[in-house]
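Peer 1: I have a structure I would like to understand better, so I am pasting it below and will then ask my questions one at a time.
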Amino acid sequence: MNRIRLLPEQVANQIAAGEVVERPASVVKELVENSLDADSGRITVEIQAGGRSLIRVTDDGWGMSRDDALLCLERHATSKIRRAEDLAAISTMGFRGEALPSIASVSRFILTTRERDGDSPEGTRIVIGGGKIIEVKSAGTAPGTSIEARQLFFNLPARRKFLRTEETESAHIQHYLALAALAYPGVAFTFQKDGRVVWQLPAVKSGPEQGSRHEALHERLRGLYGSEQKLLAVDFSGPLPGWRESEEHSSAGSEPGESGKASASANHASQLRVWGFIGAPGVSRATREDQHVFVNRRPVDNRGLNFALLEGYHTSLMKGRYPVCCLFVEIDPAAVDVNIHPAKREVKFHREWEVRALVAQAVRETLLGFHGMDSASGRTGPAITARATIESEDSPAKAETQNALPHFPAPLQPPEIAPAARAAQPPLRMGFGPVVQGKSGPPQSKPEESTAVVSPAPSQPRFSVPGPAAHSPGASVPGTGPVPLLNVPLRLVGVIGKLYVVLESDRGLVLLDQHAAHERILFEHMLNRLEQGGQAPSQKLLLPETVELSARDSQFIREQLPALARLGVGLSEFGERTFLLDALPPFVKAQSPRLFVLELVDQLKAAGQEVNSLRLGEHMVAKTVCRHAVKANDPLAGRELEALIEDLRHCSMPYTCPHGRPTLIEMNFRELEKKFGRSQ
Ligand code: ADP
Ligand code: MG
46 MNRIRLLPEQ VANQIAAGEV VERPASVVKE LVENSLDADS GRITVEIQAG
96 GRSLIRVTDD GWGMSRDDAL LCLERHATSK IRRAEDLAAI STMGFRGEAL
146 PSIASVSRFI LTTRERDGDS PEGTRIVIGG GKIIEVKSAG TAPGTSIEAR
196 QLFFNLPARR KFLRTEETES AHIQHYLALA ALAYPGVAFT FQKDGRVVWQ
246 LPAVKSGPEQ GSRHEALHER LRGLYGSEQK LLAVDFSGPL PGWRESEEHS
296 SAGSEPGESG KASASANHAS QLRVWGFIGA PGVSRATRED QHVFVNRRPV
346 DNRGLNFALL EGYHTSLMKG RYPVCCLFVE IDPAAVDVNI HPAKREVKFH
396 REWEVRALVA QAVRETLLGF HGMDSASGRT GPAITARATI ESEDSPAKAE
446 TQNALPHFPA PLQPPEIAPA ARAAQPPLRM GFGPVVQGKS GPPQSKPEES
496 TAVVSPAPSQ PRFSVPGPAA HSPGASVPGT GPVPLLNVPL RLVGVIGKLY
546 VVLESDRGLV LLDQHAAHER ILFEHMLNRL EQGGQAPSQK LLLPETVELS
596 ARDSQFIREQ LPALARLGVG LSEFGERTFL LDALPPFVKA QSPRLFVLEL
646 VDQLKAAGQE VNSLRLGEHM VAKTVCRHAV KANDPLAGRE LEALIEDLRH
696 CSMPYTCPHG RPTLIEMNFR ELEKKFGRSQ
């Protein structure tokens, strides 16, 4: 008896819909992607009841002829690829030819379309109910396409039951639309929810130059998120090796098996470009919600890229916090596989490891560049690039710095958008914001003669200007890059709570966490020493102590002994499970060396669990050891504090402690005025 039979097309479509159409947001995504692929300049999305009752996407794109309109509803009908080889290098959003028939099979569907370049003033209207064509007729309509899906899953009650509340479903839709709008600033987007306009984003035109693309993206970000965010512009490119020629990787720690999957044609090295914005040091979120990553303009979820971001931020991010970013990875389409997920949400890089390393480098260099050091070498270790000076109030250097202060470096600053754009910025939520000039400027108080001014040397480079090198470190974009706080003169006011140093800048109030700053300085010092092949300073204990550990802990700490020794912690094996502690870094003032070791073991174990595979070893150990640096309540006096700030200026990542907590907090005059009710 024959048991196998071909499924009716309608059933096949519904099965495909199970993969492609998970919820209303998937319908919106597929329709908007089609509009984007059709070269639309304006896309309008309307939803009702979270997309359950209505989803309508209207565009002014190419449109379709009557024949095409009928064909696009067939399975595997697409204009985007022709041959199997085309799958190896996809440059459109869609390519499966599955979305429209799938959506049409699970909704009441109306397609209205008219060719943009056609002669006929008439378009075509096709009405479909649950996959069956009900009507095809001519219709008067504007050029472009409008697709309406009503009563999603009306014929699949089980699926309909699984939909969440209207709010949840529309939040998903809104999230996707935000991503599409960020990826395509050149397209005007309108989003209407239950008859109410949520967004009306005008098209932002931009040229091919990077600066202009950054501006367009920034404009979009502002349109979507309103207030100014403290963001740094990323502009990086680096060579991505071809993935055929070298099966074995030269970079340390390569994962085997990542290479070798290649199409025959794609054998050459190509450039990988990373651009967009990332949060300045200290800006983070408790979730990945504001972490937007795109690969060739496609919003993606990729574990490797998530790690790359964390890796790039390294010590600038607190544990459990996530970066805020809108980053675009541009890569040869042949070097990435987008055909691994039904909703095309995931991608796979042929050179996963290298892509990850380059993205991490892009982030790291941007953060380093923020503080103004030249980091083209891409190293994470500290470097002293400029000497800061402590000067008196009226020294010429001070005046120079002050004059230079509100301006971004000249080559990066087209004059026309300068002051106006900044003046329009709302107060910043926290530190390091752009300088606000004009009426709301600070009252020019005359500080006392004796007050020290800690100001950065005028020669200190502010931002690295992209050079002729293969990759360029992060540069600031006009009107968007905040001026780093440590690049402005700071005046010491006093210390409160024996911990917080109060400073004044001509932007407002600055608070410094003495302990966090100290930790950062020690951390970088230590790494600096290690990098130069040296050993961190160490002090012999008068009374060495022995510590007994559990078998597991002994095993664990044994692995860390060489790193600890180089960091100044003299711990050695003294028996099966006994260790002898005979030296400590001078800054560790452990009441009980035994307790210090026990705590260190716990902290290292915890750190080991949170760490990702790219970052192990000395950095982690150093970070942990630095925790034991002089705790709060060690009062520092004026000179010492000035030295502390000066040392901090010399750090490559001065704005966070090695654990990612902020070292400095700023409250500018605008914020103060607002708090005191002097301005709205
Ligand atoms: P895919 O996008 O994978 O090709 P779809 O089922 O989403 O498959 O769409 C099928 C085809 O219908 C597309 O290849 C395209 O030619 C056409 N099409 C769909 N939406 C539009 C639109 N908004 N404007 C113009 N053509 C469209
Ligand atoms: Mg499509």
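When we follow our numbering, the leftmost residue of the sequence shown carries the number 46, and every step to the right adds one. Don't be surprised by glycine CBs; every beta carbon is placed ideally from N, CA and C. All values reported here derive from a predicted model rather than from experimental measurement.
#1: Answer with buried or exposed for N341, where buried requires no fewer than 16 other C-beta atoms within 10 angstroms of its C-beta.
#2: Run through DSSP, which three-state label would N448 get?
#3: Which same chain residues end up closer than 8 angstroms to A635 when comparing Cβ atoms and leaving out the 5 residues on each side of it in sequence?
#4: Beta-carbon within less than 6 angstroms of I602's beta-carbon, same chain only, minus the 5 sequence neighbours each way: which residues are those?
#5: Should S124 be listed as close to ligand 1, given that the test is whether its C-beta is under 6 angstroms from any heavy atom?
#6: Only counting the same chain, and skipping five residues up and downstream in sequence, which positions put a Cβ closer than 8 angstroms to that of E461?
#7: In this structure, does DSSP put S151 in helix, strand or coil?
#8: Can you tell me the Cα-Cα spacing of I190 and E75, whole angstroms?
#9: According to DSSP, is T360 helix, strand or coil?
#10: How big is the Cα-Cα spacing for R715 and S724?
#11: Verify whether the separation of the beta carbon atoms of E193 and R101 is less than 7 angstroms.
#12: Quick test of the definition: if touching needs 3 or more C-beta pairs under 8 angstroms, does the segment 367-381 touch the segment 338-357?
#13: Does any C-beta atom of chain B lie closer than 7 angstroms to the C-beta of L208?
#14: Contact between the segment 375-389 and the segment 61-69: three or more CB pairs below 8 angstroms?
#15: Within its chain, find whatever has a CB closer than 8 angstroms to the CB of R265; leave out the 5 residues flanking it on each side and keep chain order.
#16: Taking contact to mean 3 or more Cβ pairs, one atom from each stretch, closer than 8 angstroms, check whether the segment 540-560 and the segment 680-697 are in contact.
#17: Report back the beta-carbon spacing between R170 and K182 to the nearest angstrom; my notes put them in contact at under 8 angstroms.
#18: Ignore the nearest five residues each way along the sequence and tell me which others in Q336's own chain have a CB closer than 8 angstroms to its CB.
#19: Please confirm if the segment 114-129 is in contact with the segment 146-164, defined as three or more CB-CB distances below 8 angstroms between the two stretches.
#20: Out of A134, K238, R50, which one is the CA nearest neighbour of S98?
#21: If you follow the alpha helix (DSSP H) that V540 is part of, which residue opens it and which one closes it?
#22: Quick one: using the 10 Å Cβ neighbour count with 16 as the cut-off for buried, is A187 buried or exposed?
#23: Out of L208, Q600, S697, G175, state which residue places its alpha-carbon closest to the alpha-carbon of R68.
#24: Could you tell me if N532 is buried or exposed, where buried requires 16 or more neighbouring beta carbons within 10 angstroms of its beta carbon?
#25: Given this structure, state the Cα-to-Cα distance separating R409 from L224, to the nearest angstrom.
#26: How would you write the range of the beta strand (DSSP E) that A278 sits in, first residue to last?
#27: Please report the straight-line C-alpha distance between H359 and R87, rounded to a whole angstrom.
#28: My output table needs one value for K668: the three-state DSSP class, helix, strand or coil.
#29: Closer than 6 angstroms to a non-hydrogen atom of ligand 1 - does that hold for the CB of G106?
#30: Measure the CB-CB distance between G613 and S637 and report whether it falls below 7 angstroms.
#31: Could you tell me the boundaries of the alpha helix (DSSP H) in which D82 lies?
#32: Is DSSP giving S750 helix, strand or coil here?
#33: What residue from S550, G176, F322, L222 has the CA that sits closest to A57's CA?
Peer 2: Looking at the atomic coordinates:
#1: Indexing the sequence shown from 1 puts residue 341 at position 296. A residue is called buried once 16 or more other Cβ atoms fall within 10 Å of its Cβ, and N341 is buried on that count.
#2: Taking the first residue of the sequence shown as 1, we reach residue 448 at position 403. Since pLDDT at N448 reaches only 27, below the 50 mark, its modelled position is unreliable, and no value is offered.
#3: If you number the sequence shown from 1, residue 635 lands on position 590. Sequence-distant partners of A635 (beyond 5 residues in either direction) whose C-beta falls short of 8 angstroms from its own C-beta, in its chain, are L629, F641, H673.
#4: As a first step, residue 602 must be located in the sequence shown, where it is residue number 557. Excluding residues up to 5 positions away in sequence, V646 lie with their Cβ nearer than 6 angstroms to the Cβ of I602 in the same chain.
#5: Here residue 124 corresponds to residue number 79 of the sequence shown, with the count starting at 1. S124 Cβ: within cutoff of ligand 1.
#6: The count along the sequence shown starts at 1 and reaches residue 461 at position 416. Confidence at E461 is low in this model, with a pLDDT of 31, below 50, so its placement is unreliable and the value that follows should be read with caution. There are no such residues.
#7: Numbered from its first residue, the sequence shown carries residue 151 at position 106. Note that residue 151 corresponds to Val in the displayed sequence, not to Ser. DSSP places V151 in the coil class of the three-state scheme, outside both helix and strand.
#8: Translated into the one-based positions of the sequence shown, residue 190 becomes position 145. Translated into the one-based positions of the sequence shown, residue 75 becomes position 30. The question names Ile, yet the displayed sequence has Thr at residue 190. One C-alpha to the other measures close to 14 angstroms.
#9: Within the sequence shown, numbered from 1, the residue matching residue 360 stands at position 315. T360 falls in the helix class under three-state DSSP.
#10: Locating residue 715 in the sequence shown gives position 670, counting from the first residue. Locating residue 724 in the sequence shown gives position 679, counting from the first residue. C-alpha separation (whole angstroms): 8 angstroms.
#11: Walking along the sequence shown from the start, residue 193 turns up at place 148. Walking along the sequence shown from the start, residue 101 turns up at place 56. A distance below 7 angstroms separates the beta carbons of E193 and R101.
#12: As far as the Cβ criterion goes, the segment 367-381 touches the segment 338-357, which means the pair count is three or higher.
#13: No chain B appears in the structure shown, which is made up of a single protein chain.
#14: Segments in contact, yes.
#15: Translated into the one-based positions of the sequence shown, residue 265 becomes position 220. These residues qualify, in order along the chain: A226, L227, P230, L246, V249.
#16: By the C-beta criterion, the segment 540-560 is judged to be in contact with the segment 680-697, since at least 3 inter-stretch pairs fall below 8 angstroms.
#17: Position 125 of the sequence shown, counting from 1, holds the residue named residue 170. Position 137 of the sequence shown, counting from 1, holds the residue named residue 182. Contact check for R170 and K182: beta-carbon distance about 5 angstroms, within the 8 angstroms limit, so the pair qualifies.
#18: On the sequence shown, residue 336 is found 291 positions in, with the first residue counted as 1. Once the five neighbours on either side are set aside, the close Cβ partners of Q336 are R330, N351, L354, Y367, P368, V369, C370.
#19: Touching, per the Cβ criterion.
#20: Looking up residue 98 in the sequence shown gives position 53. K238 is the residue among A134, K238, R50 whose C-alpha sits nearest the C-alpha of S98.
#21: Translated into positions along the sequence shown, residue 540 becomes position 495. In the DSSP annotation of this structure, V540 is not part of any alpha helix (DSSP H); the continuous beta strand (DSSP E) holding it starts and ends at 535-541.
#22: Within the sequence shown, the letter at position 142 stands for residue 187. Residue environment analysis places A187 among the exposed positions, since fewer than 16 neighbouring C-beta atoms fall within 10 angstroms of its C-beta.
#23: Translated into the one-based positions of the sequence shown, residue 68 becomes position 23. That would be L208, whose Cα lies nearest to the Cα of R68.
#24: One-based indexing of the sequence shown puts residue 532 at position 487. It counts as buried.
#25: If you number the sequence shown from 1, residue 409 lands on position 364. If you number the sequence shown from 1, residue 224 lands on position 179. Approximately 24 angstroms between the Cα atoms of the pair.
#26: By one-based count along the sequence shown, residue 278 stands at place 233. Annotation: the continuous beta strand (DSSP E) that includes A278 extends over 276-285.
#27: Here residue 359 corresponds to residue number 314 of the sequence shown, with the count starting at 1. Here residue 87 corresponds to residue number 42 of the sequence shown, with the count starting at 1. Their Cα atoms are separated by approximately 40 angstroms.
#28: Working through the sequence shown from its first residue, we reach residue 668 at position 623. K668 falls in the helix class under three-state DSSP.
#29: Position 61 of the sequence shown holds residue 106. Distances taken from the Cβ of G106 to the heavy atoms of ligand 1 include one shorter than 6 angstroms.
#30: Your numbering for residue 613 matches position 568 in the sequence shown. Your numbering for residue 637 matches position 592 in the sequence shown. Not closer than 7 angstroms, so no.
#31: Residue mapping note: residue 82 aligns to position 37 of the sequence shown, counting from 1. 69-82 is the span of the alpha helix (DSSP H), which, as asked, contains D82.
#32: A question about residue 750 goes unanswered here, because the residues of the chain that appear run from 46 up to 725.
#33: Here residue 57 is taken as the residue at index 12 of the sequence shown, counted from 1. The option with the nearest alpha carbon to A57 is G176.
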